[in-house]
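What follows is a single structure, written as C-alpha cells, with notes after it.
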Amino acid sequence: YNDASSPVLINLTIAKNTGTNLNDVAGGGLMNVNNSNPLIRNTILWDNSAGGYYVSSINNNNSTPIFQNSIVQEIEPTDEWNTSNGTDGGGNLTGSPAFNDPLSGDFTTQPGSAATDAGNTAFLANAATTFDIAGSPRLYGTSIDIGAYEAGEVILLDVRYVREGGTGDGSTWANASGNLQSMINQSAVGNEVWVAEGTYTRTGTESFLMKDGVKIYGGFAATGAPSFAERSWKTYITILSGDNSKSVIRNVGVTITRTAVLDGFTITGGSADSGALIQNNTASFAGAGMYNNNGAPRLYNVSIINNFSQTLAGAMYNSTAPVEIVQSLIANNTAVQSAGAMYNYDSNMQLINSVVSNNNSYYHTGGFNGNGGIPEIKNSIIWGNKQGSNISNFASTNIQFRFYNSIVQGSGGSGSWNNNIGVNRGGNIDADPLFTNPADNDFTTLEGSPVLEAGRNSFFAQASALTDFAGNPRLLGATIEIGLYEITPPVYPLLPIRYVKAGGTGDGSSWANASGNLQLMIDQSVAGNQVWVATGTYQRPATGQYFSLKEGVSVYGGFANSGNPAMADRNFATNVTILRGNGTGVLMNENSGLTNATTFDGFTLTGGNGENGSGIYNQYASPTLLNLIINYNTTSGNGAGIYNNESSPVVINTLIANNSASQRGGGVYNRNSAAQLINVTISKNDSSQSGDGIYSTGTAATQVKNSIIWDNPNSTSPSIVYSGAPIQFTHSVVQNSGGSGNWNSTIGTDNGNNIALDPQFIGGGNFNLQNGSPAIDAGNPALFTSATLTDVGGNPRSFGSTIDMGAFEDQGQTTSYSIRYVRAGGTGDGGTWNTASGNITQMIAQSVSGNQVWVAAGNYQSSAGYSISLKEGVSLYGGFPATGNPSMGDRNAAVNTTTLSGNGSSVVSNDNNAITPATILDGFTVTGGQSATGAGIYNYNASPTISNVIIRNNQGENGAAIFNRNASPAITNVLTYGNTAGNGASGMYFDDSAAVLTNVTIAENPGSNKAVVTESSTLQIRNSILFSNGNTAYETNNSNNTITNSIIDGVPGSADWDSDYG
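What the sequence shown shows, in the working numbering, is residues 4 to 1065, in sequence order.
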C-alpha cells in the first residue's frame, strides 16, 4: 500500500493476497494513492483478489506506477497493455508464472514458466553475486528471472518420489518430497511420480490436479527404496483425501489426454457442496471424488469410495471428458440429488473390468446419470446402486450407454434386454455377482459367481494391464472374468478324459461320475486331454455366458447318455449333442491362441444371439471344427454362423444353415482369416447387407473345398462376397458361379472342378442329397484332410467311386420298395415291418412317386431344427399298430396314435417343393411345432392332400396350425385345436391360395387373433366348424371364398348371409 510514496520494487512476488472490502473491488495485490508512482521491476502480481472476486491485482488512485519486465495478471489477458494498471515500461508479460504449489506457500516456478529468464538483469545491482529469497544464486542462465525466486538448474528426473511428511526435492526415495502436487507440477511429459502409502491432501479448498503425459503411481512401501515391481496398492494403501471439504481431484482448466495416468490410489473424503463457486466456466458443486472437464485421464486400480456431493456425482463428474477407467472400484459414494456414482455430460467414458456398486442418491439414481455422449461399459459389474432404499442403477437423458460382457442389474441380460438402460452389445448378464462382503468394500466373489470367464479378453488387452485388482495375474483361465478379480482355479487331477452328461453332478472322472458342467470340464483339462459329452442340451447357466475352448483340448459330442460308451460307440447323428446360446453367442474363442490341435467335434450349435459370431466366434483362434450343425443363430453384427477374425480354423463335415446376420456374412464371415471350409454345406442363411453365405475381407484368402454354397436367399445382395483376397473355390457347388467352365470372377477364384447346378437337397430342412444330385461323387478325396470316417449324418464319408461335395454323403441307390415301413426305434431298411426303419425322413427320401410309407403308432421327432418334408407322389400313412404285420385294413389312426413332434421348427415343411394333391399325409397327430409361420404344417408352392390329421399345440406367429402361400391343399377330416399365434392366424392362414376344406373343425385355438385368415385367396369351406376360438373365427381380405353347410362363429347363417364373408 503506497500513500504519497514511490518506492522502487525489484524481483517481488505478490500473489494469493486478498482484499475484503466489497466496495473496493481492486487492489488485492497493490494499491497506490495520493500521487504514488512506484517503479516496479522484475515482479509478479498474480492470483490476488478483492471483494471475493478475481480481478485486477492493482488499484491506482491519482497514481501511475511504472512496470518493467513484470508479469501482471488480467481478468481477460490481452496483447495490449491495460493503462489502468500504470505505465508500460517495456518487457511486461501476462503469461502464467506457473507456481509449483502456491496453496502450500511454494511460489517457486515450474519448468516452462513465463517468468524464467524474462527479467532484466540490469535492474538488480550485483545480481551475479546476490541470492534470491530462498538463498539460491540470484542469476542462473542468461538472464535473471521475474519474481522472488530464481528457477535455477532444471532437475531432469524420469521419476519423482513422494512420501508422507517428506521434505526433499523428490529426486530419490531418501530425498522424497511430501508435496505430491508440486512433484506433479515439476514433471514433464513421459515422467512418473511414485507415491508411498499414506494419506495426502491439498491445503485449503484446492484439489489435486493431474498433468498431461505424467503417470502417477501409488502403492509403494513407506520405508526403504521400493522398486516398481514391489508396488502393491492393496498392501500399501495410498489415499488421496478431500478432508470432507472439497473435491479430491479436479482436472479443470488443463488439457489432459490418456497419457495422464492415475494408478493405485484410494480417492476418498471428497465433498462437493451446493455453494457453487463459478470459475472459468466450471462448477465446484459436483464430482466429490473426481471432476474432469475437457480431459481424458486414464485410471487404473483406483478405489473411489465414501465421497459425498450435495448435488450431482458423488464419485465422479465428467464434462466432455472421455475418461478411461480400468479395473477400478466405485462404491459407497453419495449424491443428494442424483448419480451417487457418476454423471457424464457429453462424455464418451469407458469403464473396463470395474465395479460400480452400493452408491446412493437421495432423490434420483444412485448409479449413473448424464446428458449426451456414448459411454461404454465392458467386462464390468453395475449392481446394488440405490435411490434411497430402491435399486436404481441408471437414469439418463439423451445418452446411449453401450454394454459389453457386463453384469448389469435390471438389464434382463443379453437374452431379454431392457432397452431403457442402453444398447446391448452381447455377453451381458443379469444375475447376482455374489460379492463376498460389499458393505466392507470387499468385492471379491463367492463360488458360483457368474463372473467366471464371462468377460471378453480383447477389452482388457486394450487396457494393457497384466494383473487384477489384487495384483494377481489377470488371465488365469482361457477367458477373463468380469469385474475386478480373477478367480484362481483349483488344482484338478490329471485326467486324460473328462466325461459330461446333462444333469451330471460328479467330477467328470468317469461316465458313472460324469459332470454336468461342460465348460468346467474344458477348463480343468490341459493340452492333450479330451472331453466326451453325452447326448443332451447344454447351456451356460447365466444369460450372456458362452462356451469357450482351450488350447490342445479335444471336445467330442455324440455319446449315448447311458452305459459306458467308448469312442467307437460315438454317433453324433443319433446321439445329438446340442449347445444352445443364452442371450449371446454359443461358442466364443477370443484371443485364446487356439491352434488346429484344438478339436471340437460332433455338436449342434443353435440359439445363439450375439454381436458377432453367434454360432462360433474365433478371434486369434484357429481350432479344428468337425461334424457340426450350426443353425438358427442370429447376430446384430457379422457372421451369424461362424465369425473369424485373424483366425485360420479348419472346418470339416459341417452344415451351416438358417442363420441370420443384421450386417454381413449370414453363414460365414472371415476377416484376415485363412479359413478352410472342407465338405461344408452352407444354405438358407441370410444377411441384411451382403454375403448371405460367405463374406470375406482382408488379405488372407478363404479356401472352399468339396463344399456346397446354395440357396442363401437374400435377393437384395450376392450370397458370396469378398473384399481383398479372393475366395478360392475347388470341387464345389457354388450358386451363381457359372461353374469352372463359365466362371464368375466377382465371387472369387476358380481353382477347378466347380459346378453351378442345383445340388438337389431332399428339402424341408434336410440337406442330404437326392439320388441324381450333381454333387454326388464330384468331390476330391485328396482335399478331405480329416481322419474321420463318417459324414455329418453319421454315414460313411466316402460311398461309391469317390467323395461327394457337401456335408452329407449319399449312400447310393436304395432297394426299390413300393411300400416302406417305419416303427419307432426301428433300425432296418424299411423293406418290411420286421425290418422297419425308425427314420421317416429317410424313408420318404428313398421313395419315388407312387410309393407309400406306412408308419406305426409312436412318437417321431426330427433332429433339432429340422422338419419332415413330403415328396411328390409319395403317400405317408400313420395309424398302424406298433406290433405284428398290419395291413392297410388294420390301420386305425384313432387307436394307434402316430405323432409327429416338432423340434424347434415346423413339424412338416413343404418349402417350395412343388408337390401336388398326389402327395398324401394321412392319419397323424402333428404337435409341438415352433416356427414363425406354419408351426404345424408349412406349405409354400406346395399342394398336398391332408386327411385324418389332428394338428394341436403348435406355436408360431402366423398360421400356427397350417400356413399356406401359393398353395392349394385338399384338407379333409382335420381337427386343429390348442394352437397359438403371436399376431396372425392361430389356426390356418391362406395367402394367394386355392384350398378346399372339407369336414374340418378349427376350435379352441386360444389368444387374441383370428382362427382362419385368407388373403387374396379362393377357399371352399364345406361341412366344417370354426367355433370357440380366442377371437374372431374368420377374416377374409381380397378373397373369393365359398362356404357351404358350415358353422362359423360370428358369421350369420344362410338366411342372413353377408356377402363380405364369401
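C-beta atoms are modelled at their ideal positions from N, C-alpha and C, and glycine is treated no differently.
As computed with DSSP, V589 is found in no beta bridge at all. When secondary structure is reduced to three states using DSSP, L597 falls in the coil class, being assigned neither helix nor strand. Residue state for N460 is assigned as helix, using DSSP reduced to three classes.
The C-beta distance from V911 to I871 rounds to 5 Å, short enough to fall under 8 Å. The three-state secondary structure of S748, taken from DSSP, is helix.
By the C-beta density criterion, V529 is exposed, having fewer than 16 other C-beta atoms within 10 angstroms. Setting aside the 5 residues that flank it on each side, A778 is surrounded in the same chain by I711, V736, P762, L772, D807, M808, G809, each with a C-beta closer than 7 Å to its C-beta; the list follows chain order. A straight-line Cα-Cα distance of about 37 Å links W535 and N421. Three or more Cβ pairs drawn from the region 91-111 and the region 206-213 lie within less than 8 Å of each other, which places the two stretches in contact.
The beta carbon of L42 sits closer than 6 Å to the beta carbons of V11, I69 from its chain, once the five residues preceding and following it are set aside; these are given in chain order. In this structure, R501 sits near Q527, with a CB-CB distance shorter than 8 Å.
The residue among T540, P568, E593 with its C-alpha nearest the C-alpha of V579 is T540. Distance check between S852 and each of S866, Q864, R823, G905 places R823 closest, using alpha-carbon atoms only. One thing to note: G201 has its Cβ no nearer than 8 Å to the Cβ of M186.
When the beta-carbon positions are compared, W386 and S414 stay at least 8 Å from each other. Per the coordinates, the alpha-carbon of D433 lies some 12 Å from the alpha-carbon of Y407.
By the criterion of a C-beta distance shorter than 6 Å, G561 is surrounded in its chain by R573, N574, F575, N578, T580, G605, once the five residues flanking it on both sides are discounted. The DSSP-derived three-state label of D120 is coil.
V1054 counts as buried, since no fewer than 16 other beta carbons sit within 10 angstroms of its beta carbon. P799 is bridged by DSSP to T793. Membership of M991 in the beta strand (DSSP E) is indicated by the continuous run 991-994. In the three-state DSSP reduction, L315 falls in the strand class (E or B).
Nearest in C-alpha terms to Q692, of all of S740, G755, G642, is G642. Beta-bridge annotation (DSSP): Q958 is paired with Q933, T983.
Taking 8 Å as the cut-off, the beta carbon of L96 is found no closer than this to the beta carbon of I61. Distance from A973 to P920 at the Cβ level is roughly 5 Å; contact confirmed, criterion being Cβ atoms closer than 8 Å. In the DSSP assignment, N188 falls within the unbroken alpha helix (DSSP H) covering 183-189.
Per DSSP, M891 has no beta bridge partner at all. Look at the region 403-430 and you find these whole runs of beta strand (DSSP E), each 3 residues long or longer: 405-407. Here T271 carries a strand assignment [DSSP, helix/strand/coil]. H734 and S663 have their C-alpha atoms spaced approximately 26 Å apart. Closest in C-alpha terms to Y239, from the list V329, G480, A473, L437, comes A473. For M846, the uninterrupted alpha helix (DSSP H) segment begins and ends at 843-849. Taking every protein chain shown into account, the CB of Q679 has 16 or more other CB atoms within 10 angstroms, so this residue is buried. T936 sits buried, since 16 or more C-beta atoms from the chains shown fall within 10 Å of its C-beta.
Leaving aside the five residues that flank S557 on each side, the residues in its chain whose CB is nearer than 6 Å to its CB run, in chain order, Q533, T602.
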